[in-house]
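This report concerns only the one structure given below.
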Amino acid sequence: MPSKPADQSHQAATGLEDHVDLVCVGFGPASLAIAVALHDRGVKARVLFTERQRSFKWHAGMLLPNARMQISFMKDLATLRDPRSKFTFVNYLKSKNRLVAFTNLSTFLPLREEYNDYLTWCASHFEQHVRYGQETISVSPMKNRQGTIQSWRVVSQDVDTNDRSFITARHVVVAVGGKPKIPSGLLDDGLDSRIVHSSAYSTVVPTILADTDKVYDLAVIGGGQSSAEIFNDLQNRFPNARITLYIGASALKPSDDSPFVNEIFDPERVNTFYNLPHESQQKTILSDKSTNYGVVRPELLDHIYESMYHQRFREPHQSKWRCKIEAWREVVGYDKLPDGRLQLKLKNTSSGEDTRGMFTRRYWHLLGIFFHQIALLSGGIIDFNSERTL
Ligand SMILES: Cc1cc2nc3c(=O)[nH]c(=O)nc-3n(C[C@H](O)[C@H](O)[C@H](O)COP(=O)(O)OP(=O)(O)OC[C@H]3O[C@@H](n4cnc5c(N)ncnc54)[C@H](O)[C@@H]3O)c2cc1C
Numbered sequence: 001m002p003s004k005p006a007d008q009s010h011q012a013a014t015g016l017e018d019h020v021d022l023v024c025v026g027f028g029p030a031s032l033a034i035a036v037a038l039h040d041r042g043v044k045a046r047v048l049f050t051e052r053q054r055s056f057k058w059h060a061g062m063l064l065p066n067a068r069m070q071i072s073f074m075k076d077l078a079t080l081r082d083p084r085s086k087f088t089f090v091n092y093l094k095s096k097n098r099l100v101a102f103t104n105l106s107t108f109l110p111l112r113e114e115y116n117d118y119l120t121w122c123a124s125h126f127e128q129h130v131r132y133g134q135e136t137i138s139v140s141p142m143k144n145r146q147g148t149i150q151s152w153r154v155v156s157q158d159v160d161t162n163d164r165s166f167i168t169a170r171h172v173v174v175a176v177g178g179k180p181k182i183p184s185g186l187l188d189d190g191l192d193s194r195i196v197h198s199s200a201y202s203t204v205v206p207t208i209l210a211d212t213d214k215v216y217d218l219a220v221i222g223g224g225q226s227s228a229e230i231f232n233d234l235q236n237r238f239p240n241a242r243i244t245l246y247i248g249a250s251a252l253k254p255s256d257d258s259p260f261v262n263e264i265f266d267p268e269r270v271n272t273f274y275n276l277p278h279e280s281q282q283k284t285i286l287s288d289k290s291t292n293y294g295v296v297r298p299e300l301l302d303h304i305y306e307s308m309y310h311q312r313f314r315e316p317h318q319s320k321w322r323c324k325i326e327a328w329r330e331v332v333g334y335d336k337l338p339d340g341r342l343q344l345k346l347k348n349t350s351s352g353e354d355t356r357g358m359f360t361r362r363y364w365h366l367l368g369i370f371f372h373q374i375a376l377l378s379g380g381i382i383d384f385n386s387e388r389t390l
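So this is what it looks like as structure tokens:
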């Protein structure tokens, strides 16, 4: 792949600005796939990746024990483009001496922990091109006298020192992934440290809920895959805690990965989708929502249902259940009570705006598990703090 650009220490010492052919902002799977493809095709270009994390990590806050991939490992960083690439999941397994044993598992869905290890293994091949610990704060066009854009200026900030660095690039790819989204009603006074977004779940929860035997009162909010995984994980992690899952819909719903529907993810669909007018794109996203958004993998649904059934078998009185699922509930805010508890305000979504449908629940801890939001472009300048979505 690309020739090596000037290193950071050199840049910091001399104040020089790097000039490269391509900058990819964010070094998650999307950018990593670009690195792999450029490598496989032998493209000779100067390429840099900026990444705000200090090392490669794939959704580290949600690497839960036994959580599985939601798609086949065949859709890895290389196989469908070039099965002979060094960067296929199969070659990763071979190089770790697990190919035969993995085959014996008869699964297309490895653990997410193993897939993270695969991605980290791929990323390790591109270390010299990645600037870890660098948060990109803006990308702005550089124009000539005629007003034509000649290149882009990428400004990043060191996450430890706040020192700024600058790169001029002919092309920029923005691959910054989603952004944690928390309902405004929970942000009135800033975010209480007991309200945790799913993206920080496995890093924050062991710190704030340190005693695994304690009788915690916990709420999980949301009806998608992450909420269901967390609801399930909490039951194992805290065997005495009382846990309620609040969902806005009538029930937890299954994700659809049946073969015809799954064709929406076929590589040749990308350009067709990209070329659609904005309105049609929105319509398509809505009609394919059940593949991914606000839905749960059927195996996990079955597992949760079975554990709820065992609870019902052991304890017939619902009021005594340790784990509950409450449907038709939307979180609209919370109050802090004098004793320190959080009083969650919920709306009954089946009765619309009617205030008689409002009610409250009291918690010492609240785990808010919400959507991710896609990040943002504004005009020719990409402002990473803007609230506009793509
Ligand atoms: C818990 C969870 C499980 C998932 N499981 C699957 C699955 O099994 N299969 C599947 O297909 N998809 C899954 N997804 C969807 C997920 O979006 C993709 O797997 C994939 O992570 C998308 O890659 P990405 O590079 O676009 O974004 P991300 O993985 O979000 O990577 C973006 C990167 O950009 C960095 N970044 C952000 N802002 C900046 C900035 N300003 N400057 C520098 N760096 C920045 C971030 O730190 C991050 O490393 C899952 C998502 C989640 C949350």
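Residue 245 in full-length UniProt numbering sits at position 245 of the sequence shown, and the numbers go up by one each step. Ideal Cβ positions, reconstructed from N, Cα and C, are used throughout, including at glycine.
Which residues DSSP lists as bridging residue i, in chain order
i, result
"Tyr132", "Glu51"
"Thr148", "None, per the DSSP bridge assignment."
"Tyr305", "BP columns for Tyr305 are empty, so no partner."
"Thr244", "Ala219, Lys324"
"Leu111", "Arg68"
"Gly333", "Lys345"
"Thr168", "His19, Arg153"
"Met142", "Ser151"
Outcome for residue i when other beta-carbon atoms lying within 10 angstroms are tallied against a minimum of 16
i, result
"Arg41", "exposed"
"Thr14", "Confidence at Thr14 is low in this model, with a pLDDT of 41, below 50, so the placement of that residue should be treated as unreliable; the coordinate-derived value is given next. Thr14 comes out exposed."
"Asn91", "buried"
"Thr355", "Note on Thr355: pLDDT 47, under 50, position unreliable in the model; no value is reported."
"Pro259", "exposed"
"residue 444", "The structure shown does not extend to residue 444, since the chain spans only 1 to 390, so no value can be given for it."
"Asp18", "buried"
"Ser106", "exposed"
"Ile167", "buried"
"Val176", "buried"
Residue i CB to nearest heavy atom of ligand 1 below 8 Å
i, result
"Trp58", "yes"
"Leu111", "no"
"Pro277", "no"
"Phe27", "yes"
"Met69", "yes"
"Met62", "yes"
"Val261", "no"
"residue 432", "Outside the shown range of the chain (1 to 390) lies residue 432, about which nothing can therefore be said."
"Arg312", "no"
"Tyr334", "no"
"Ile285", "no"
"Ile243", "no"
"Gly248", "no"
"Gly185", "no"
"Ala30", "yes"
"Ala45", "no"
"Glu315", "no"
"Val296", "no"
Whole-number beta carbon distance between residue j and residue i, since they are thought to touch under 8 Å
i, j, result
"Val172", "Val23", "5 Å"
"Ser156", "Ile137", "7 Å"
"Arg329", "Tyr246", "4 Å"
"Gln235", "Arg297", "The Cβ separation is near 17 Å, so there is no contact."
"Val154", "Val25", "7 Å"
"Gly133", "Asp163", "10 Å between Cβ atoms; not a contact."
"Leu300", "Ser202", "No, Leu300 and Ser202 are not in contact; Cβ-Cβ is about 17 Å, not under 8 Å."
Nearest to residue i (by Cα), restricted to the options the options
i, options, result
"Arg361", "Val220, Pro277, Gly294, Phe231", "Val220"
"His129", "Ile243, Phe313, Ile34, Leu337", "Ile34"
"Lys214", "Arg98, Phe238, Arg52, Pro183", "Phe238"
"Leu286", "Ile264, Leu301, Asn271, Ala60", "Ile264"
"Phe126", "Ser31, Leu344, Gln134", "Ser31"
"Lys83", "Leu48, Val36, Arg68", "The sequence given here places Pro at residue 83; Lys does not occur at that position. Nearest C-alpha to Pro83: Val36."
"Phe73", "Met62, Phe89, Ser85", "Phe89"
"Leu38", "Arg54, Asp21, Gln53", "Asp21"
"Lys345", "Asn236, Ser184, Thr207", "Ser184"
"Cys122", "Asn232, Leu342, Pro29, Ser307", "Pro29"
"Ser319", "Lys143, Val159, Ile243", "Ile243"
"Ala200", "Asn232, Lys179, Glu135, Asn66", "Lys179"
"Trp58", "Arg112, Leu209, Arg131", "Arg112"
"Met142", "Ala169, Thr120, Leu119", "Ala169"
Residue i CB to nearest heavy atom of ligand 3 below 8 Å
i, result
"Tyr92", "Questions concerning ligand 3 fall outside what the structure shown contains, since the ligands it does hold are ligand 1."
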